[in-house]
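Down below is the structure, laid out as structure tokens.
Quick look at the structure:
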């Protein structure tokens with residue numbers, strides 16, 4: 014949970030898709046140990062039968078002594094051997110070390126040989142007390158759970174052990190390791206080989222000299238945090254999508270969002286969380302990635318999609334967005350880009366509310382709609398002579414209509430407001446105004462095969478489109494693709510450059526490495542170093558400029 018742990022992160026990098034895929038089968042060791050336990054109980058029934066839930070504390074004392082006297086030094090020797098042999102490291106241990114940003118999942122990511130070694134190390138302190146008659150079920154499960162907890166603790170990449178513990182009790186430095194201690198092993202592979210007790214590294218002279226000082230810096234906050242240059246301010250779409258956050262199920266967040274039946278029984282949990290958000294909430298940091306040495310972060314406003322359409326919720330939502338913008342300004346962030354509903358025209362005028370209220374903002378507020386318009390316009394084939402446009406008087410609809418009429422494309426603008434239509438028509442040059450045509454019914458487009466949908470249309474309204482129609486769209490949520498004899502575009506999106514690092518989250522229903530065009534628009538704004546706010550109406554003259562800048566920086570249309 015980055016919004017809770019960002020001040021104590023050890024490695025300030027995101028976990029990328031490659032690491033997530035490598036660690037996909039992190040739970041193999043659980044399956045292996047369950048099979049081994051089942052075989053042992055079948056072969057030696059006395060191990061399973063007649064074991065009390067609790068016998069005495071003697072069994073636990075045996076476990077502690079055997080762990081310290083046998084398991085710890087045995088693991089240290091086996092672990093050091095895997096590193097000393099190039100063959101064994103390459104074939105049996107390098108998989109584990111490919112995870113440079115350790116997470117709790119990393120603890121279970123390994124080869125069959127590693128899991129077998131670890132199982133042997135685990136079973137010795139359990140088996141011996143049972144053989145001497147001091148075993149119990151609570152001893153077995155207690156040891157296994159504590160063992161797994163300590164493994165996950167060392168790999169969590171968050172320093173949770175306070176420094177004062179080691180200051181008051183220096184001996185503890187050698188009895189219990191910390192996440193910082195183990196992270197150094199992944200950074201500098203020839204040090205810190207211990208299982209849980211640095212004592213054996215001290216004896217074996219493999220203790221990293223930076224272990225205690227680095228722990229002190231991170232746990233006390235002395236190690237400076239990198240301030241991101243760009244922030245994308247997202248929002249939750251619905252109850253089901255709220256479980257697509259990276260800190261809930263990483264496997265789910267690393268794939269494009271779809272409603273999964275296995276998660277539906279959990280819906281009461283986000284519902285209760287939503288109620289809590291109404292009482293008290295703040296902006297959360299949920300993910301980050303690096304692009305050309307610049308840190309990009311995604312913050313999320315804790316508001317669900319339907320709340321944006323409740324009149325009484327308007328002020329509260331704007332207050333949260335304003336709070337995030339002011340926080341970004343205070344931190345020294347250069348650009349903050351607003352996601353779809355966070356820049357809703359009816360909500361805050363596409364961000365103009367905040368810029369007008371705070372004229373001295375250093376952070377640039379960007380709605381990213383210029384690049385969204387560019388993406389949609391570049392999807393349209395050059396031989397198209399007529400389009401049908403819904404949501405024609407919105408920010409995007411206006412910009413698309415004016416741009417297409419410059420290309421001598423006839424635009425059928427669906428709107429009931431003659432005043433708003435004429436206002437847009439007057440913005441066009443006199444020799445192109447006739448290419449903008451107001452229509453008030455869907456029947457007017459029954460011979461037009463290029464539809465640009467900026468306002469949600471029902472399946473019945475889609476029937477007016479002739480066979481072979483292609484639906485471009487910038488409406489949230491996207492329309493239902495029900496016409497089998499027609500084709501549909503996804504929401505406007507762009508693929509981030511190939512040199513992005515640490516990206517391991519899929520943005521809503523987008524594929525890996527793909528973000529909404531408004532997100533990409535903020536990225537381009539940051540990379541170009543532009544100092545103007547991009548709020549309110551879209552500057553049609555800048556559509557090609559923004560598109561060319563995106564191409565220059567390696568972003569690609571989807």
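Residue numbers (the working numbering): 14 to 571. Ideal Cβ positions, reconstructed from N, Cα and C, are used throughout, including at glycine.
- Straight through space, the alpha carbons of residue 34 and residue 335 are spaced by roughly 37 angstroms.
- Per DSSP, residue 459 is not a residue of any beta strand (DSSP E), being assigned neither H nor E.
- A Cβ-Cβ distance of about 13 angstroms is found for the pair residue 403 and residue 430, leaving them out of contact under the 8 angstroms criterion.
- Counted as a single uninterrupted DSSP element, the alpha helix (DSSP H) harbouring residue 154 occupies residues 150-168.
- A distance below 8 angstroms between beta-carbons, with the five flanking residues on each side excluded, links residue 129 to the following residues of its chain, in chain order: 45.
- Judged by beta-carbon spacing, residue 345 lies beyond the 8 angstroms limit of residue 413, meaning their Cβ atoms are not closer than that value.
- CA-CA distance, residue 536 to residue 201, rounds to 34 angstroms.
- The bridge partners DSSP lists for residue 465 are 402, 485.
- Secondary structure at residue 191: coil, using DSSP grouped into helix, strand and coil.
- Here residue 264 is exposed. Its C-beta has fewer than 16 other C-beta atoms within 10 Å.
- The beta carbons of residue 408 and residue 373 sit no closer together than 8 angstroms.
- Counting other Cβ atoms within 10 Å of its Cβ, residue 42 reaches 16 or more and is therefore classed as buried.
- Taking C-beta atoms as the reference points, residue 417 and residue 401 fail to come closer than 8 angstroms.
- The beta carbon of residue 316 sits closer than 6 angstroms to the beta carbons of 248, 330 from its chain, once the five residues preceding and following it are set aside; these are given in chain order.
- At a Cβ-Cβ threshold of 8 angstroms, residue 314 and residue 333 count as neighbours.
- Look at residue 31 here: in three-state DSSP terms it is helix.
- As a beta-bridge residue in DSSP terms, residue 248 pairs with 314.
- Taken through DSSP and simplified to helix, strand or coil, residue 508 comes out as strand.
- By the Cβ neighbour-count rule, residue 214 is buried, with 16 or more other Cβ atoms within 10 Å of its own.
- Looking at the DSSP output, residue 300 bridges to 311.
- A check of alpha carbon separations from residue 524 across 507, 532, 531 identifies 507 as the nearest.
- Residue 147 sits away from residue 24, with the two beta carbons spaced by 8 angstroms or more.
- Comparing C-alpha distances from residue 269 to each of 556, 562, 529 shows the shortest one belongs to 529.
- Just measuring C-alpha positions, the residue of 218, 28, 301, 296 sitting nearest residue 89 is 218.
- In this structure residue 28 touches residue 517 by the C-beta definition: roughly 4 angstroms separates them, less than 8 angstroms.
- DSSP places residue 377 in the strand class (E or B) of the three-state scheme.
- For residue 423, the uninterrupted beta strand (DSSP E) run begins and ends at 423-427, by DSSP.
- Looking only at 227, 567, 553, 526, the smallest Cα-Cα distance to residue 541 is reached by 567.
- The stretch 165-177 and the stretch 112-121 touch, with no fewer than 3 CB-CB distances between them shorter than 8 angstroms.
- In this structure, the straight-line span from the alpha carbon of residue 521 to that of residue 468 is close to 20 angstroms.
- Short of 8 angstroms from the beta carbon of residue 238, and not among the five residues preceding or following it, lie these beta carbons of its own chain, in chain order: 19, 20, 25.
- Cβ contact annotation for residue 456 (same chain, cutoff 8 angstroms, sequence separation greater than five): 477, in chain order.
- Residue nearest to residue 197 within the set 175, 171, 188 is 171 (criterion: CA-CA distance).
- Contact check for residue 454 against residue 479 fails: the beta carbons are separated by 8 angstroms or more.
- As DSSP reads the structure, residue 350 sits in a beta bridge with 245, 379.
- Here residue 360 carries a helix assignment [DSSP, helix/strand/coil].
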